[in-house]
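Count along the sequence shown from 1, then add 179; that gives the number in our numbering.
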Amino acid sequence: MQLKTKILKLDENNIDAEKIKYAASILRKGGLVVFPTETVYGLGADALNQNAVLNIFEAKGRPSDNPLIVHIADKDEVYKLMMDIPDDAIKLMDKFWPGPLTLVGKKTSSVPHSVTAGLDTVAVRMPKNKIALSLIKEAKLPVAAPSANLSGRPSPTTAKHVIDDLNGRVDVIIEAGNSDIGVESTVLDITLWPPVILRPGGVSKEQLEEFLGKVDIDPSLMEKNLDMLIPKSPGMKYKHYSPKAELVVVEGELSNVVEKINALVEEYKRKGLSVGVLSTEQTKSLYNGAVVISLGDRLEPKTIASNLFKALRDFDDIGVQLILAEAVDDKGIGFAIMNRMKKAAGYKIVHIS
Ligand code: AMP
Ligand code: MG
């Protein structure tokens, strides 16, 4: 499928209503529109149009058993998509919407099975990005939108990433700068109580605990259980977020991590590989003989989250064959950062104490 992709440049602080109208008209006709959200760019289509939804899977090369998140612009829209919503879950929506929290609940019959990959639950979120909200409002539709990358690749946090992956595969790409958060939403299952985190993301476990008292974590997110458990969030079983280079995460005490990475750089360079190091500001000057990209200050995990996917794609552009990545603290948004980094590595992790 080769399409002529139209690129529309928009400014979140001064939204051009005509461009939004045009993009919304494409969604209403069943077309594919990539739009910015505060997490990552999303590849959107009319969530109630089975064919439009199937085109999302085709454009991304996404396996059909990996369900999509439905985006809404008004909290009340959730009732058309989800039923049996507990009162406490409504409080969660009031607290965290608009924002990077996706709730998984029992689906209504309006939601096509292609959206939920045959599951009887649906994932819904109200994004905060103003362009996303105006587009959904103007289209007057719930919009199904996974991340706007080719399946398996790092999620896009700039329009350039989207163009690299999806030019010619979608009708419209809205270009609107860098994503604020840079990792995807937290996916929370509210069919159980306390609710269960199926995917860590932009709203941290600590924030949810502060509000709910208790929140559970799907056991598949504990890496030691990886081989034993079938993840409940179906998308989590696929190779994800991966750069073309092999990625290895090194975790442990920081000075030992630096020493180990330097030793590995030496070892792999001797084997003739070009090596990259994913570092932080505190350590970037300590590596020798590798291309070093810093994710930012270790004490500013939000910056690290916003730079992660871009750094993985930058290593691809540079063309390194192996990336050695420093682990960061997994508190707060660090849980999402480490989840993505380890998945990108296919769970190749070196642990040194
Ligand atoms: P993406 O939008 O590409 O970040 O992927 C959406 C994520 O939400 C995937 O990890 C899905 O598995 C998850 N998801 C969507 N719908 C459901 C659902 N009904 N139950 C569990 N997880 C879901
Ligand atoms: Mg994705």
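From the three backbone atoms N, C-alpha and C, an ideal C-beta is built for every residue, glycine too.
Same chain only: Cβ atoms within 6 angstroms of residue i, ignoring 5 sequence neighbours per side
{"i": "residue 341", "result": "213, 220, 327, 335, 352"}
{"i": "residue 359", "result": "217"}
{"i": "residue 236", "result": "243"}
{"i": "residue 124", "result": "The question about residue 124 has no answer here: the residues shown for the chain are numbered 180 through 532."}
{"i": "residue 509", "result": "517"}
Simplified DSSP state of residue i, which is helix, strand or coil
{"i": "residue 213", "result": "strand"}
{"i": "residue 486", "result": "helix"}
{"i": "residue 250", "result": "strand"}
{"i": "residue 501", "result": "strand"}
{"i": "residue 419", "result": "coil"}
{"i": "residue 492", "result": "helix"}
{"i": "residue 274", "result": "helix"}
{"i": "residue 315", "result": "helix"}
{"i": "residue 304", "result": "strand"}
{"i": "residue 262", "result": "strand"}
{"i": "residue 284", "result": "strand"}
{"i": "residue 295", "result": "helix"}
{"i": "residue 231", "result": "helix"}
{"i": "residue 470", "result": "strand"}
{"i": "residue 219", "result": "coil"}
{"i": "residue 448", "result": "helix"}
{"i": "residue 529", "result": "strand"}
{"i": "residue 534", "result": "Any property of residue 534 remains undetermined from this structure, which presents the chain solely from 180 to 532."}
{"i": "residue 382", "result": "coil"}
{"i": "residue 326", "result": "strand"}
{"i": "residue 460", "result": "coil"}
{"i": "residue 431", "result": "strand"}
{"i": "residue 509", "result": "coil"}
{"i": "residue 360", "result": "coil"}
{"i": "residue 369", "result": "coil"}
{"i": "residue 478", "result": "coil"}
{"i": "residue 269", "result": "helix"}
Member of the options whose CA lies at the smallest distance from the CA of residue i
{"i": "residue 312", "options": "184, 350, 200, 376", "result": "200"}
{"i": "residue 337", "options": "445, 189, 522", "result": "189"}
{"i": "residue 395", "options": "520, 422, 366", "result": "366"}
{"i": "residue 467", "options": "300, 503, 244", "result": "503"}
{"i": "residue 245", "options": "232, 441, 469, 391", "result": "232"}
{"i": "residue 420", "options": "495, 317, 207", "result": "495"}
{"i": "residue 330", "options": "267, 343, 318, 319", "result": "343"}
{"i": "residue 187", "options": "465, 202, 193", "result": "202"}
{"i": "residue 370", "options": "301, 181, 248", "result": "301"}
{"i": "residue 392", "options": "425, 267, 523, 364", "result": "267"}
{"i": "residue 499", "options": "447, 485, 528", "result": "447"}
Any non-hydrogen atom of ligand 1 within 8 angstroms of residue i CB
{"i": "residue 302", "result": "yes"}
{"i": "residue 221", "result": "yes"}
{"i": "residue 247", "result": "yes"}
{"i": "residue 366", "result": "yes"}
{"i": "residue 378", "result": "yes"}
{"i": "residue 217", "result": "no"}
{"i": "residue 213", "result": "no"}
{"i": "residue 283", "result": "yes"}
{"i": "residue 203", "result": "no"}
{"i": "residue 295", "result": "yes"}
{"i": "residue 363", "result": "yes"}
{"i": "residue 329", "result": "no"}
{"i": "residue 298", "result": "yes"}
Nonlocal neighbours in the same chain, by C-beta distance under 7 angstroms from residue i, ignoring five residues either side
{"i": "residue 238", "result": "211, 222, 345, 348, 349"}
{"i": "residue 234", "result": "211, 224"}
{"i": "residue 162", "result": "No statement about residue 162 is possible, as the shown extent of the chain runs from 180 to 532 and does not include it."}
{"i": "residue 469", "result": "444, 454, 455, 456"}
{"i": "residue 215", "result": "308, 310, 311, 353, 355, 358"}
{"i": "residue 519", "result": "362, 420, 487"}
Close-in-space but distant-in-sequence residues of the same chain around residue i (CB under 8 angstroms, 5 per side omitted)
{"i": "residue 262", "result": "284, 285, 286, 287"}
{"i": "residue 461", "result": "433, 476, 477"}
{"i": "residue 404", "result": "Low confidence applies here, because residue 404 scores a pLDDT of 47, under 50, leaving its location unreliable; read the following figure in that light. Counting only Cβ-Cβ distances below 8 angstroms, and skipping sequence neighbours, we find 398."}
- Within 6 angstroms of ligand 2: residues by beta-carbon to any heavy atom: Shown in chain order are the residues whose CB sits closer than 6 angstroms to a heavy atom of ligand 2: 325, 326, 334.
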